[in-house]
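Numbering (this note's numbering), first residue to last: 577 to 1063. Don't be surprised by glycine CBs; every beta carbon is placed ideally from N, CA and C. Report on the following structure.
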Amino acid sequence: MKALDELTFDNRFARLGDAFSAHVLPEPIDNPRLVVASPAAMALLDLDPAVADTQEFAELFSGHKLWADAEPRAMVYSGHQFGGYTPQLGDGRGLLLGEVYNNAGEHWDLHLKGAGQTPFSRMGDGRAVLRSSIREFLASEALHALNIPTSRAACVIGSDTPVWREKQERAAMVLRLAPSHIRFGHFEYFYYTKRPEQQKLLGEHVLALHFPECLEQPEPYLAMFREIVERNAELIAKWQAYGFCHGVMNTDNMSILGITFDFGPFAFLDDFDASFICNHSDDQGRYSFSNQVPVGQWNLSALAQALTPFISVEALRETLGLYLPLFQAHYLDLMRRRFGFTSAEDDDQQLLEQLLQLMQNSGVDYTLFFRHLGEQSPQQAIARLRDDFVDIKGFDAWGERYIARAARDGDADQAQRRARMHAVNPLYILRNYLAQRAIEAAQGGDYSEVRRLHAVLSKPFEEQPGMESYAERPPEWGKHLEISCSS
Ligand code: AMP
Ligand code: MG
């Protein structure tokens, strides 16, 4: 365990120089105080969780203090936003404080979100509000607990600094951790500004630090692109399997590491709804739940375009062609496990599609359905779940198929089946209304609810005595919360 002043920095991205990022100091927020911290994320930096309660911790992650070896930088990038190209974006309200390496030899970017204005702030104030900071914190740590690759969040620091959104709110900062903050949009920036030398430097940096195994391949860039395609196919399969809707899949929000990145108006599905749009500003539904799959491919082709100086168009095309089949394979594999199956049958895809259609028509809670499916034997579970469906006949027919399929799978031991299914079917997920309740308490100065919710979500598969209410379906008000990009 390390004390706060014992972190060791090695700022490799900063060393790329001023073409890649600008030196900017964080602008402090007033009266900083700890809202919530994640001991698991702090452990990535070898930090003792107890340091979160010190004044020094709040000062370091609110811009009041800085390590001597930190080198705060605002990164420049660009990206396709809602399908259109924006030539220059960048860290408009976040700073890469530096790269810390831990005792295990891993590097972690320390990124402070909400740290004030930078040369890339455009019209923005450089701030993040408490509401969006809590949402990013909870989502990062909840996705991680669900085994979904994601950036992490070590803490939220609140303040008295006023910030104007639709109304006056308070500024906060999140300390985000990731092995890299490089996005698809970094490659796009140097490609569209026609700076091949810098683009090559960026490419070499990414290969050497984040895809070293690709350097041993005959075509390292192609191997790297292939790896990025594979990771994205797997990531989006996990989002779809667990009902996670990102909300703003612009290419500047896509990590080259294939991790969930840049949380805005995200949501987990409550009732299953393939066409669900979590971002209130997304009028066309470009980033609706089911569109995430083709958008993943669209984003990868935007990256492919930016990689044409390194890789032939034919090779890029062929590699892009791997995305959909890989997505399908991962998705089906995950859903078979959620069904409790240990074997694969050709008709499983159809069985799944039929269920999703029935759930869609009846507005069935996506998470609880799967949890309850494993709670009892297939027969008992189906008998209990049928009441949730409007089309009972349709569901009964589906239930018979499921029971027969489960019998063919050959696992008669219900205790084993239950354990296997509960290990992949969470009881607790970050429902929007749960986040909202925690945010409202925190806005009133009470941080106990956000801390409790974080603790519950860090063990989503385990029944936690006394926490039953966190596993319930949302109340009516909680199903229709409007979450926009304004954060
Ligand atoms: P986002 O929607 O959070 O991914 O942000 C898109 C772009 O807008 C990024 O370049 C952000 O840095 C920038 N941005 C968002 N909010 C602000 C803000 N309040 N101040 C300055 N820049 C911002
Ligand atoms: Mg962003």
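At what residues does the alpha helix (DSSP H) containing residue i begin and finish?
{"i": "Y907", "result": "899 to 915"}
{"i": "P1041", "result": "Counting along the chain, P1041 falls outside any alpha helix (DSSP H), and DSSP gives it neither H nor E."}
{"i": "Y818", "result": "796 to 818"}
{"i": "S877", "result": "868 to 882"}
{"i": "T517", "result": "Residue 517 lies beyond the stretch modelled for the chain, which goes from 577 to 1063, so this question has no answer here."}
{"i": "F633", "result": "631 to 636"}
Report the residue from the options whose alpha carbon sits nearest the alpha carbon of residue i.
{"i": "D645", "options": "T584, R703, E632, H1030", "result": "T584"}
{"i": "A590", "options": "R1007, Y1023, G674", "result": "G674"}
{"i": "V869", "options": "G916, D924, W815, P788", "result": "W815"}
{"i": "V535", "options": "L898, L785, E635", "result": "Summary: the structure shown does not reach residue 535, with the chain confined to residues 577 through 1063, and so no result is reported for it."}
{"i": "I812", "options": "S864, L783, E603, G1021", "result": "S864"}
{"i": "Q693", "options": "D736, T662, G659, G639", "result": "G639"}
{"i": "M651", "options": "T737, R609, L778, K770", "result": "L778"}
{"i": "L1057", "options": "G700, D846, A626", "result": "D846"}
{"i": "R1049", "options": "T943, I968, W974, Q990", "result": "T943"}
{"i": "R960", "options": "I804, G1021, A704, L949", "result": "L949"}
{"i": "A617", "options": "L719, D701, L671", "result": "L719"}
{"i": "T737", "options": "F852, R703, Y653", "result": "R703"}
{"i": "P604", "options": "A920, R771, L688", "result": "L688"}
{"i": "S716", "options": "C790, L706, S708, R728", "result": "R728"}
{"i": "L798", "options": "L883, E976, Q926", "result": "L883"}
{"i": "T836", "options": "Y899, V1026, F820", "result": "F820"}
{"i": "P608", "options": "Y677, A579, A691", "result": "A691"}
{"i": "D1022", "options": "A626, I710, A809, T918", "result": "I710"}
{"i": "L900", "options": "A891, V1032, R807", "result": "R807"}
{"i": "E764", "options": "N875, V627, F915", "result": "N875"}
{"i": "Y653", "options": "S735, G593, F766, K1035", "result": "F766"}
{"i": "D658", "options": "G861, R759, N723, A598", "result": "For the sequence presented, residue 658 should be read as Phe rather than Asp. Among G861, R759, N723, A598, the Cα nearest to that of F658 is on G861."}
Indicate the three-state DSSP secondary structure (helix, strand or coil) for residue i in the structure shown.
{"i": "R993", "result": "helix"}
{"i": "C1138", "result": "Outside the displayed range of the chain (577 to 1063) lies residue 1138, so it cannot be described from this structure."}
{"i": "D941", "result": "strand"}
{"i": "T918", "result": "coil"}
{"i": "K1035", "result": "coil"}
{"i": "L672", "result": "strand"}
{"i": "Y1009", "result": "helix"}
{"i": "R649", "result": "strand"}
{"i": "N855", "result": "strand"}
{"i": "D581", "result": "helix"}
{"i": "A784", "result": "helix"}
{"i": "I832", "result": "coil"}
{"i": "A843", "result": "strand"}
{"i": "I1059", "result": "strand"}
{"i": "L623", "result": "strand"}
So residue i is in the beta strand (DSSP E); what residue range does that whole segment cover?
{"i": "A613", "result": "609 to 613"}
{"i": "Y653", "result": "First-last for Y653: undefined, no H or E at that position."}
{"i": "W643", "result": "Careful: W643 lies outside any beta strand (DSSP E) and carries neither H nor E."}
{"i": "W684", "result": "683 to 689"}
{"i": "G823", "result": "No beta strand (DSSP E) contains G823, which DSSP labels as neither H nor E."}
{"i": "A598", "result": "597 to 599"}
{"i": "T694", "result": "Per DSSP, T694 belongs to no beta strand (DSSP E) and is neither H nor E."}
{"i": "T662", "result": "660 to 662"}
Whole-angstrom Cβ separation of residue i and residue j, contact assumed at under 8 Å?
{"i": "L1029", "j": "A1014", "result": "5 Å"}
{"i": "V611", "j": "A721", "result": "That belief does not hold up - the Cβ atoms of V611 and A721 are roughly 19 Å apart, past 8 Å."}
{"i": "G840", "j": "V824", "result": "5 Å"}
{"i": "L623", "j": "L1006", "result": "Rounded, the Cβ-Cβ distance is 24 Å, inconsistent with contact."}
{"i": "G668", "j": "F637", "result": "About 19 Å separates the two Cβ atoms, so there is no contact after all."}
{"i": "Q775", "j": "P663", "result": "Rounded, the Cβ-Cβ distance is 15 Å, inconsistent with contact."}
{"i": "L753", "j": "L620", "result": "6 Å"}
{"i": "F971", "j": "L910", "result": "Wrong, their Cβ atoms sit about 22 Å apart, outside the cutoff."}
{"i": "P755", "j": "W643", "result": "About 19 Å separates the two Cβ atoms, so there is no contact after all."}
{"i": "L665", "j": "V600", "result": "Going by Cβ atoms, the distance from L665 to V600 rounds to 15 Å, so no, they are not a contact pair."}
{"i": "F946", "j": "N1008", "result": "Rounded, the Cβ-Cβ distance is 19 Å, inconsistent with contact."}
{"i": "V805", "j": "T895", "result": "6 Å"}
Is any beta-carbon of chain B found at less than 8 Å from that of residue i?
{"i": "R609", "result": "Included in the structure is just one protein chain, with no chain B present."}
Let me check you understand the geometry: is the CB of residue i closer than 7 Å to at least one non-hydrogen atom of the ligand NAP?
{"i": "D586", "result": "For the ligand NAP, the structure offers nothing, since it holds only the ligand AMP and the ligand MG."}
*Along the chain, which unbroken stretches of the alpha helix (DSSP H) at least 4 residues long are found entirely within the stretch 696 to 781?*
For the stretch 696 to 781, whole alpha helix (DSSP H) runs of length 4 or above, ordered along the chain, are 706 to 721, 760 to 768.
*asked:* What ranges does the alpha helix (DSSP H) occupy inside the stretch 929 to 988, keeping only unbroken runs of at least 4 residues that lie completely in it?
replied: As far as the stretch 929 to 988 is concerned, its whole alpha helix (DSSP H) runs of at least 4 residues are 942 to 951, 954 to 961, 968 to 985.
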